[in-house]
DNA sequence: ACTACTGTACTAGCTCACTAATGCAGCCAG
DNA sequence: CTGGCTGCATTAGTGAGCTAGTACAGTAGT
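Residue numbers (the working numbering), protein chains in the order written: chain Y, 6 to 132; chain A, 6 to 132.
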């Protein structure tokens with residue numbers, strides 16, 4: 006697990022995102038145990054509560070479930086809900102960006118143009 | 006000037022955005038005076054410093070210039086830089102959203118699909 | 001000069017998100 | 001039944017961002 010301490014995005018969110026991505030990618034399979042709060046906290050050099058908070062998102066979304074005294078486990082449909090989670094997060098970000106742009110008087114085609122520029126900048130020419 | 010006090014976006018940013026939009030739209034022309042700090046502060050029912058902070062963005066970007074004792078005025082190329090400002094802001098938001106999505110393992114085409122959905126949701130079918 | 005406006009600078013308080021500290025409660029192997 | 005692991009809850013501290021209060025400095029009409 007790799008955490009950027011100097012980032013503006015909070016630690017708990019960085020953890021949550023990486024775990025969610027790992028589940029979506031099948032690194033952790035349904036039924037499989039996730040690293041415990043304290044173990045992961047030790048790894049990331051952070052308080053267990055911070056890790057707990059990271060898992061909270063995944064718990065609410067039903068991607069993982071918890072058993073007191075045993076640990077945290079990937080839910081039956083965890084792989085799917087994890088993927089949906091990332092999509093939902095992206096949709097939110099896009100919606101807000103577009104709404105702001107509209108409020109600032111931009112037209113849809115201008116936004117489309119900037120979007121294409123951005124996605125090429127991030128992904129390169131290919132893909 | 007319309008301010009949403011219950012919004013999560015800070016007042017100074019709401020003010021700055023609306024002024025920038027107005028300049029970009031030509032409501033305030035180059036050379037023209039903008040509402041003074043105290044007048045605008047009284048209008049929005051907020052401290053003059055908050056308005057000052059809103060103007061700071063536009064000052065740094067060169068969209069407006071200030072003359073102590075006289076007021077604030079739209080710069081010669083204010084209309085252009087105001088438009089560039091909104092575009093830059095959108096580009097930033099899109100870049101971040103796309104970078105996050107990529108980090109979460111999404112492919113470019115998935116992102117394109119969600120973008121199209123979003124822009125239709127915001128602008129409706131037309132435009 | 002006086003008055004009434006303008007922008008500017010410094011300080012202070014306030015709120016909220018984030019993180020940590022600490023203790024409680026359940027499971028299980030020895 | 002004890003030690004060592006698990007998740008959970010409560011409380012506190014810390015820091016950054018936002019807003020307000022107040023005083024200073026320049027312009028201009030009277």
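A virtual CB, placed ideally from N, CA and C, is assigned to each residue, including glycine.
Ranges of the beta strand (DSSP E) found wholly within the segment 45-125 of chain A, counting only runs of at least 3
Runs of beta strand (DSSP E) with 3 or more residues, each lying fully within the segment 45-125 of chain A, are found at 69-72, 76-79, listed in chain order.
Measuring only the C-alpha atoms, how far is residue 46 of chain Y from residue 91 of chain Y?
Here residue 46 of chain Y is taken as the residue at index 41 of the first chain, counted from 1. Here residue 91 of chain Y is taken as the residue at index 86 of the first chain, counted from 1. If you take the alpha carbons of residue 46 of chain Y and residue 91 of chain Y, they lie about 23 Å apart.
Would a check of beta-carbon distances place residue 103 of chain Y closer than 8 Å to chain A?
Taking the first chain and counting its residues from 1, the one referred to as residue 103 of chain Y is at position 98. With 8 Å as the cut-off, residue 103 of chain Y counts as an interface residue toward chain A.
Would residue 16 of chain A and residue 51 of chain A qualify as a contact pair, given that the criterion is a beta-carbon distance under 8 Å?
Within the second chain, residue 16 of chain A is the residue found at index 11, counting from 1. Within the second chain, residue 51 of chain A is the residue found at index 46, counting from 1. Cβ distance < 8 Å, so residue 16 of chain A and residue 51 of chain A count as in contact.
List, in order along the chain, the chain Y residues whose C-beta lies closer than 9 Å to that of residue 55 of chain A?
One-based indexing of the second chain puts residue 55 of chain A at position 50. Chain-ordered listing is empty here: chain Y has no CB closer than 9 Å to the CB of residue 55 of chain A, the nearest sitting near 20 Å.
Per DSSP, what are the beta-bridge partners of residue 38 of chain A in this structure?
By 1-based counting over the second chain, the position of residue 38 of chain A is 33. Paired residue(s): A/78.
Cβ distance (whole Å) where residue 76 of chain A is taken to contact residue 41 of chain A below 8 Å:
Taking the first residue of the second chain as position 1, residue 76 of chain A is located at position 71. Taking the first residue of the second chain as position 1, residue 41 of chain A is located at position 36. Taking a contact as a CB-CB distance under 8 Å, the pair residue 76 of chain A and residue 41 of chain A counts as one, their CB atoms being some 6 Å apart.
Between which two residues does the alpha helix (DSSP H) harbouring residue 20 of chain A extend?
The residue given as residue 20 of chain A occupies position 15 in the second chain. Its alpha helix (DSSP H) spans residues 16-29.
Sorry if obvious, but does the Cβ on residue 102 of chain A come closer than 7 Å to a heavy atom of the ligand NAD?
Here there are no bound small molecules, and the ligand NAD is not part of this structure.
Taking CB distances under 8 Å as the criterion, tell me whether residue 12 of chain Y reaches chain A.
Start at 1 with the first residue of the first chain, and residue 12 of chain Y comes out as number 7. It does not; no Cβ of chain A falls within 8 Å.
Below 8 Å, can you find three or more Cβ-Cβ pairs linking the segment 80-99 of chain Y to the segment 52-61 of chain Y?
Short answer: they don't touch.
Integer Cβ distance of residue 59 of chain Y from residue 20 of chain Y, believed to fall under 8 Å
Position 54 of the first chain, counting from 1, holds the residue named residue 59 of chain Y. Position 15 of the first chain, counting from 1, holds the residue named residue 20 of chain Y. Beta-carbon to beta-carbon, residue 59 of chain Y and residue 20 of chain Y are separated by about 4 Å, close enough to satisfy the 8 Å threshold.
Please confirm if the segment 64-74 of chain Y is in contact with the segment 108-128 of chain Y, defined as three or more CB-CB distances below 8 Å between the two stretches.
Flag = no, the segment 64-74 of chain Y and the segment 108-128 of chain Y do not touch.
Between the Cα of residue 82 of chain Y and the Cα atoms of Y/18, Y/31, Y/118, Y/43, which residue gives the shortest distance?
Walking along the first chain from the start, residue 82 of chain Y turns up at place 77. Nearest in C-alpha terms to residue 82 of chain Y, of all of Y/18, Y/31, Y/118, Y/43, is Y/31.
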